[in-house]
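K.L.:
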Amino acid sequence: MTGTEVKPQHRPGLALGVLAGALALDVSGLGVLNAALPSIGTRFDLADTTLQWVMIAYALTFAGFLLVGGRLADVFGRRRVFAAGVALFTVAALAGALAPDIAVLLGARAVQGIGAALSGPAALAMLTEVFPAGPARNRALSVYAAVGAASFSGGVLLGGVLTQLLGWRSVLWFSVLLGAAVLAVTRAGLPRGVGRGGRLDLPGAISGTLGLTLLVVGVSSSGTLAWIAVCAAVAALTVFVVCEHRTADPVLPLGLFRISSVRAASLAAFLQYMGSVGMLFFAPLYLQGMLDYSPLESGLAMVPMSLAVFLTANYATGRLLARYAPPTLMVVGLLLIGGGTALWMSTPQDGDYLLHVLPGLVVSGIGQGLNFPSMTSAALSGVPPHQHAVAGAVNVVAQQIGASVGVAVMVLVAATSTDDLTGYHLAYLAAGIACAFGAATIAFTRRA
88 MTGTEVKPQH RPGLALGVLA GALALDVSGL GVLNAALPSI GTRFDLADTT
138 LQWVMIAYAL TFAGFLLVGG RLADVFGRRR VFAAGVALFT VAALAGALAP
188 DIAVLLGARA VQGIGAALSG PAALAMLTEV FPAGPARNRA LSVYAAVGAA
238 SFSGGVLLGG VLTQLLGWRS VLWFSVLLGA AVLAVTRAGL PRGVGRGGRL
288 DLPGAISGTL GLTLLVVGVS SSGTLAWIAV CAAVAALTVF VVCEHRTADP
338 VLPLGLFRIS SVRAASLAAF LQYMGSVGML FFAPLYLQGM LDYSPLESGL
388 AMVPMSLAVF LTANYATGRL LARYAPPTLM VVGLLLIGGG TALWMSTPQD
438 GDYLLHVLPG LVVSGIGQGL NFPSMTSAAL SGVPPHQHAV AGAVNVVAQQ
488 IGASVGVAVM VLVAATSTDD LTGYHLAYLA AGIACAFGAA TIAFTRRA
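Residue 88 is where the sequence shown starts when you use the numbering used here, and the numbers rise one by one after that.
1. Return yes when the Cβ of L408 is within less than 8 Å of the Cβ of T215, no when it is not.
2. Just verifying my parser: in three-state terms, what is the DSSP assignment at V304?
3. Distance, Cα to Cα, V93 vs L265?
4. Could you work out which residue in R345, V500 and G425 is closest to L358 when comparing CA atoms only?
5. Would you decide whether L106 is buried or exposed? Buried here means 16 or more other CB atoms lie within 10 Å of its CB.
6. Look at the alpha carbon of S206 and the alpha carbon of V155, and state the distance between them as a whole number of angstroms.
7. Are G246 and G386 touching if we call contact CB-CB under 8 Å?
8. Quick one: Cα of I488 to Cα of T148, how far?
9. Could you tell me whether the Cβ atoms of S451 and T434 are closer together than 8 Å?
10. By how many angstroms is the C-alpha of F397 removed from the C-alpha of T463?
11. How would you label W314, buried or exposed, when you count the other beta carbons within 10 angstroms and need 16 or more for buried?
12. Comparing C-alpha positions only, which one of L457, L367, V272 and A111 sits nearest to A356?
13. Where does A271 land, buried or exposed, given buried means 16+ other C-beta within 10 angstroms?
14. Which residues in the same chain have their Cβ closer than 6 Å to the Cβ of T532, if we skip the five residues on either side of it in sequence?
15. Here's the rule I'm using: 16 or more other beta-carbon atoms within 10 Å means buried, otherwise exposed. How should P460 be labelled?
16. Determine contact between the region 408–419 and the region 347–355, defined as no fewer than three beta-carbon pairs at a distance below 8 Å.
17. Runs of 3 residues minimum, wholly inside the region 153–231: which ones carry the beta strand (DSSP E) assignment?
18. Under three-state DSSP, which class holds V449?
19. Starting from N482, trace the alpha helix (DSSP H) in both directions and tell me its first and last residue.
20. Closest to P125 by C-alpha separation, out of L367, M497, L175 and P471, would be which residue?
21. Between which two residues does the alpha helix (DSSP H) containing V321 stretch?
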């Protein structure tokens, strides 16, 4: 017996709910503490350059361990690895909620990222197993992507509400409760399946994880440390590529990158997260620091983005995918994300929400709603079913590296100005340029 077998007693609707719940846990893990950043910074007396590591620590290990997570799911069984990942994420959230200092909090965030790296690829692979190719799978992918897209910006809302009402630690307690709920229904909601067998390519796993982790460290640092980390990352990734060429059971089948849709989806994922996460990092700093919003008001201010993402992904993108190829929608989505981010360049120090804040949120949200399902569909297009877990992992690696690069680059760009508001505007400009570049690249390579 090979592959993950779907048992008749498992209801597709329940399976989709379990998998979407885990995705919400993983994706909101990046944004849920965003609105709480000012409170965390005040509690531990942190500068912005240190505060960014609350987000980067999660994205760093998430990206670093994703390829290994995808391979482990194929070798040892998807439900088993999925459950292990959710459990690890939940325990780490508990440790973060109890953290006495910033070091423990950052360590907990790093372990959360490892848990998400285990559960994420397994979840996407199980989704394609539960729902056969055709309209049912397309609809399931749209719902799954809509939940993921809404969770990304919705995490900011949730973090703001909880921080205002109960303090920043309550944000992590919520993750504990959600993780426990997902675990409670995993056995009943998901098919057991078995691993495909084979061995884990340890040299490839170690060099790949080390290379991706060092890459995120490099782009998130400055000075000598950044150069050392980037050079070490290049060396480790070179070893990784050599290992993958020589082994019969690679962590990452390099042939995936010969599929044009996989390349386009990876680029779209990287640049979407680079632009949108960079924007979301500064959003609470602007809203709370310059407009004097409370954490609750800051979170509520992000509701229109969450609604735009969810409604577009769930009700519009699925229909558009029936008429247009995913790369076309990714181009439009990236342009809208970049345009929405660029609109925030007009935000004054005493800005009006309806005039200066809302338009950018809605435009960017529509772009994310178009891009999320499109890049998810493209990431699996033309990929053999037994490689869906690792193909999904590749796309999420691109997302998490984009998130890390986005925060790091935006902080560095903003730091070039002695005026905070001018620095924010420069960061938004950089995010908009990145998205426009991605849209142009996808459009050009598609015609080539």
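Beta carbons: idealized from backbone N, C-alpha and C, even for Gly.
P.N.:
This is what the structure gives:
1. Position 128 of the sequence shown, counted from the first residue, corresponds to residue 215. Position 321 of the sequence shown, counted from the first residue, corresponds to residue 408. No; because the gap between Cβ atoms is not below 8 Å, this pair is not in contact.
2. In the sequence shown, counting from the first residue as 1, residue 304 sits at position 217. Helix.
3. By one-based count along the sequence shown, residue 93 stands at place 6. By one-based count along the sequence shown, residue 265 stands at place 178. Unreliable placement is indicated for V93, whose pLDDT of 42 sits below 50; the coordinate value is still reported in the next sentence. The straight-line gap from Cα to Cα measures roughly 25 Å.
4. Within the sequence shown, the letter at position 271 stands for residue 358. Closest by alpha carbon: G425.
5. Here the question's residue 106 lines up with position 19 in the sequence shown. Result: buried.
6. Translated into positions along the sequence shown, residue 206 becomes position 119. Translated into positions along the sequence shown, residue 155 becomes position 68. S206 and V155: Cα-Cα distance of roughly 11 Å.
7. Residue 246 sits at position 159 when you count from the first residue of the sequence shown. Residue 386 sits at position 299 when you count from the first residue of the sequence shown. Yes.
8. Residue mapping note: residue 488 aligns to position 401 of the sequence shown, counting from 1. Residue mapping note: residue 148 aligns to position 61 of the sequence shown, counting from 1. When rounded, the distance between both Cα atoms is 10 Å.
9. Sequence index remark: in the sequence shown, residue 451 carries index 364 (1-based). Sequence index remark: in the sequence shown, residue 434 carries index 347 (1-based). Contact flag unset, no.
10. The count along the sequence shown starts at 1 and reaches residue 463 at position 376. The count along the sequence shown starts at 1 and reaches residue 397 at position 310. Cα to Cα, the separation comes out at about 15 Å.
11. By 1-based counting over the sequence shown, the position of residue 314 is 227. When all chains shown are included, W314 counts as exposed.
12. In the sequence shown, the residue the question calls residue 356 occupies position 269. The candidate whose alpha carbon is nearest that of A356 is L457.
13. Here residue 271 corresponds to residue number 184 of the sequence shown, with the count starting at 1. Burial call: exposed.
14. Here residue 532 refers to the residue found at position 445 when the sequence shown is read from its first residue. None.
15. The residue labelled residue 460 in the question sits at position 373 within the sequence shown. With 16 or more other Cβ atoms within 10 Å, it is buried.
16. yes
17. none
18. By 1-based counting over the sequence shown, the position of residue 449 is 362. Three-state result, V449: helix.
19. Taking the sequence shown and counting its residues from 1, one reaches residue 482 at position 395. H475 to A501 is the span of the alpha helix (DSSP H), which, as asked, contains N482.
20. Here residue 125 refers to the residue found at position 38 of the sequence shown. Comparing Cα-Cα distances from P125 to each of L367, M497, L175 and P471, the minimum goes to L367.
21. Residue mapping note: residue 321 aligns to position 234 of the sequence shown, counting from 1. Counting along the chain, the alpha helix (DSSP H) containing V321 begins and ends at G310 to R333.
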